[in-house]
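Colleague: Take a look at the following structure, please.
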Amino acid sequence: MELEKDLSLKQQFLDVVIIEKGEGELPSEFPDGLENMASHNLLTYKSHQESLDDWAIDELLCHYVNYRKQTSPSLKDLLPAEDFRLYGVSTRYPKKLFGQVRPVQIGEGVYEVQWAVRPVWIVVLSRIPKAERNALWLLFSTVPENVKYGALHSRRSGEMSTLLNDLFRKYEIEGFAMPYTVEDYRKDYVREHIDKLPPEERLRGIPPEERLRGLSPEERLRGLPPEERLRGLSEEELQKLAEIIMKQREQKSSGN
1065 MELEKDLSLK
1075 QQFLDVVIIE
1085 KGEGELPSEF
1095 PDGLENMASH
1105 NLLTYKSHQE
1115 SLDDWAIDEL
1125 LCHYVNYRKQ
1135 TSPSLKDLLP
1145 AEDFRLYGVS
1155 TRYPKKLFGQ
1165 VRPVQIGEGV
1175 YEVQWAVRPV
1185 WIVVLSRIPK
1195 AERNALWLLF
1205 STVPENVKYG
1215 ALHSRRSGEM
1225 STLLNDLFRK
1235 YEIEGFAMPY
1245 TVEDYRKDYV
1255 REHIDKLPPE
1265 ERLRGIPPEE
1275 RLRGLSPEER
1285 LRGLPPEERL
1295 RGLSEEELQK
1305 LAEIIMKQRE
1315 QKSSGN
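This is the structure in structure tokens:
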């Protein structure tokens, strides 16, 4: 028999915690399932390769107990239970879990289950409706057209670009036929941001001949002083140019 056994030997990780800070601008719309978040929101996520089952929800409740202890002033002065909300986010529909506990549908792809004394919201990413507010959810849905929609409507940033690159590569490795690829995302990202770059940065890496393609000779030389226009010409070319100028002068004189 053991008394007061130490249960903290194995390190535990919670997938996501969303904390209300009270500062900054909130988005006009939240992803489905996250509209009514509390001060502390604990999420567990299961990909298309994993199951959101009873064990996963048990773990989430354990994380909630530990997290509530850590964030409260003391064990005798715990933060109110209403300050915490629990979420199970799953790419796949959790058929086994919903066979064990009756889900209440809150919205399309969003359910609530009662687990012991705690309500847990379940968000099924493969069943989330296609809407701009759900862009992040749709990226992880593994539904090709929804992934494409999510990528096109995600907030563009350097961090998001890295995340999408990694996600698309993972899909490719796992054999998902995605109509929207890493290269497609890169092209769209460049199109969206290129007008914000100064001209010298836009032209970086483009060979001179590519920069001049499509310009008429007059447009290429516009703004250059005479000495700059002649720079690089050989003596033979300069002589030929002088002959052309003399001939044009003679023609102009004879015309007068």
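Quick note on numbering: the numbering used here labels position 33 of the sequence shown as 1097, and the sequence is numbered without any gaps.
We put the beta carbon where it would ideally sit given N, CA and C, even for glycine.
Please report the residue range of the beta strand (DSSP E) in which I1082 lies.
Modeller: Taken as a continuous stretch (DSSP letters only), the beta strand (DSSP E) holding I1082 covers 1080 to 1083.
Colleague: What three-state label does DSSP hand R1295 in the structure shown?
Modeller: Coil, per DSSP.
Colleague: Apart from the five residues on each side of it in sequence, which residues of its chain come closer than 8 Å, Cβ to Cβ, to V1081?
Modeller: H1104, N1105, L1106, L1107, Y1131.
Colleague: From E1274 to Q1312, what does the alpha carbon distance come to, in whole angstroms?
Modeller: So the alpha carbons of these two residues sit roughly 32 Å apart.
Colleague: Taking all protein chains shown into account, do 16 or more other C-beta atoms lie within 10 angstroms of the C-beta of F1204, making it buried, or fewer, making it exposed?
Modeller: It is buried - the Cβ of F1204 has at least 16 other Cβ atoms within 10 Å.
Colleague: Alpha carbon to alpha carbon, how far is P1271 from R1277? Give it in angstroms, no decimals.
Modeller: Approximately 10 Å, taken between the alpha carbons.
Colleague: Quick check on N1100: buried or exposed, where buried means 16 or more other Cβ atoms within 10 Å of its Cβ?
Modeller: With fewer than 16 Cβ atoms within 10 Å of its Cβ, N1100 is classed as exposed.
Colleague: From I1258 to E1209, what does the alpha carbon distance come to, in whole angstroms?
Modeller: Approximately 26 Å, taken between the alpha carbons.
Colleague: Beta strand (DSSP E) containing L1030: first to last residue?
Modeller: Missing from the structure shown is residue 1030; the chain here goes from 1065 to 1320 and no further.
Colleague: Quick check on the DSSP output: the beta strand (DSSP E) that includes V1188 runs from which residue to which?
Modeller: Note, V1188: beta strand (DSSP E), 1182 to 1188.
Colleague: Please report the straight-line C-alpha distance between G1287 and H1217, rounded to a whole angstrom.
Modeller: Their backbone Cα atoms lie some 42 Å apart in a straight line.
Colleague: With distances taken Cα to Cα, identify the nearest neighbour of P1193 among E1172, K1212, V1184.
Modeller: The candidate whose alpha carbon is nearest that of P1193 is E1172.
Colleague: Give the DSSP-derived three-state secondary structure of F1094 in the structure shown.
Modeller: Three-state result, F1094: coil.
Colleague: How far does the alpha helix (DSSP H) with V1129 in it reach, from first residue to last?
Modeller: V1129 -> alpha helix (DSSP H) spans 1118 to 1135.
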